[in-house]
Amino acid sequence: MPQTPPEDVRHQHEVELGPSDAHDEENYDSGVDDASRRSSLTSLRSSIFEFYEENGRTYHSMSAGKYFMPNDASEVERLDLQHHLFRLTFDDQICLCPKKDGAKRVLDLGTGSGIWCIDYADQHPEAEVIGVDLSPVQPDFIPPNCSFEIDDLEKEWTWSKKFDFIISRFMTGSFADNASIVKKVYDQLEPGGYFEAQDMALPIGCDDGTFTEDSGLWIWMSWLMKAMEAMHRPFSAAQNWKSMMEEAGFEDVVEYIYKWPINGWPRDPKYKRLGQWALYDMDQVMEAAILAPLTRAMGWSQEEVLLLAADARKVLRDPRVHAYWPIYVVYGRKPFSSKQKPSVDKTTA
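Residue 218 is where the sequence shown starts when you use this note's numbering, and the numbers rise one by one after that.
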């Protein structure tokens, strides 16, 4: 089995740019008018919406084969549900760093359904909020201070203006070189700007031995991690965000680790509710997260993957298994320049 979609399929929706002929007088056709150019642009834009189909799911066509999760309607709906999980975790907040209020120009890396951007823009009408993703699955009706761009974040960033807040959420497994993304973020922030990463870590946690290595969920997790390693996009970002930020030059880096129970097993009301919502969310992930990695990188058939997902779901729903998904939130500040020092209230200093 191929490790990525076949070459002829993987690039069929990508725009191939050859040498520029804009000033080639021999090839210039004076009959080409604005209408034909608009038609060409429309064709290029429409190709982004021609999603790549694989194993009954659809995936992004821009830079096809890079991201392992599907982009169909059920996945977009799940991402909106997952946003609610974060709000429950953070006591109805959507981020934790000091720029949760007061940011002027905000960038969301891998925005997905766009719901984080929409919420932030609604709460902060004074801020300009931009979401970037490989898939154009965001809604059309959005706040006036919110916009979405379709782009590959592993390629060169071309924003001419800097941001004072950049966020990344659940992007583990998305990048081949996470440290290079952190460096891009650092360079794109203005002095004093913040970067916040919210991510899930693997392996799954358990503190009482009820989650065992022979369980279907453990096997599911192990194969997913192996496949992502084989695709050179390992599930290691969450545990490394802090060290990568510090190495890039961020200051006052803070790390929090939360727990999402795999189901409603906890007695504590808040964690029981979190577990119930997490079960509904991750129940859908059991199939979606492993279809592409195992068929592309490990040579599995679709039927074998679905059987593995079914076994994992049985464990996921078992309240006797007291496991949890580790959720990391890490943020840090780009240092102030020598010309821009943080203000100090001398009355309280």
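Built from N, CA and C at the ideal position, the CB exists for glycine as well.
*Do you know whose CA, among 533, 308, 295, lies nearest residue 433's CA?*
533
*Compute the Euclidean distance between the alpha carbons of residue 554 and residue 273, then round it to the nearest angstrom.*
51 Å
*asked:* Quick check: the Cα distance between residue 443 and residue 365, rounded to an integer number of angstroms?
replied: 33 Å
*Cα-Cα separation between residue 320 and residue 362, rounded to whole angstroms*: 13 Å
*Using three-state DSSP, classify residue 608 as helix, strand or coil.*
Only positions 218 to 566 of the chain appear in the structure, and residue 608 is not among them; the question remains open.
*Evaluate residue 509 with the Cβ neighbour count: other Cβ atoms within 10 Å of its Cβ, from every protein chain shown; 16 or more gives buried, anything less gives exposed.*
buried
_Closest by C-alpha distance to residue 206, when choosing among 307, 311, 304, 341_ = The shown model of the chain, from 218 to 566, leaves out residue 206, and the question about it has no answer.
*Collapsed DSSP secondary structure at residue 515 in the structure displayed*: coil
*Separation of residue 268 from residue 249, as counted between CA atoms*: Reliability of the predicted coordinates at residue 249 is poor, the pLDDT of 47 falling under 50, and the value obtained from them is presented with this limitation in mind. Approximately 30 Å, taken between the alpha carbons.
*Using a threshold of 7 Å, is the CB atom of residue 530 nearer than that to any non-hydrogen atom of the ligand SAM?*
The ligand SAM is absent from the structure shown, which contains no ligand whatsoever.
*Exposed or buried, what is residue 546 when buried is set at 16 or more other beta-carbons lying within 10 Å of its beta-carbon?*
buried
*Would you list the one or two residues that DSSP bridges to residue 476?*
Among the bridge pairs identified by DSSP, residue 476 is matched with 543.
*May I have a chain-ordered list of the alpha helix (DSSP H) segments no shorter than 4 residues that lie completely inside the segment 303 to 383?*
332 to 340
*Look up residue 469 in the DSSP assignment and say whether it is helix, strand or coil.*
strand
*For residue 501, collect the residues of the same chain with a Cβ closer than 6 Å to its Cβ; drop the 5 residues on either side in sequence, then sort them by chain order.*
295
*asked:* Within a Cβ cutoff of 6 Å, which residues of the same chain sit near residue 224, ignoring the five residues on either side of it in sequence?
replied: Bear in mind that the predicted position of residue 224 carries a pLDDT of just 36, short of 50, making it too unreliable to give a figure here.
*Closest residue to residue 332 among 313, 317, 293, 308 (Cα-Cα distance)*: 293
*Measure the beta-carbon distance from residue 387 to residue 415 and round it to whole angstroms, keeping in mind my assumption that it falls under 8 Å.*
7 Å
_Three CB pairs or more closer than 8 Å across the segment 396 to 412 and the segment 370 to 378_ = yes
*Would you kindly report the start and end of the unbroken alpha helix (DSSP H) that includes residue 404?*
First-last of the alpha helix (DSSP H) with residue 404: 395 to 405.
_I'd like to know whether the C-beta atoms of residue 412 and residue 284 end up nearer to each other than 8 Å._
no
_What does the Cβ neighbour count give for residue 504, buried or exposed, with the cut at 16 atoms within 10 Å?_
buried
*In terms of residues, what are the limits of the beta strand (DSSP E) holding residue 270?*
269 to 271
*Could you spell out the range, first to last residue, of the beta strand (DSSP E) harbouring residue 573?*
Nothing about residue 573 can be reported from this structure: the residues present for the chain run from 218 to 566 only.
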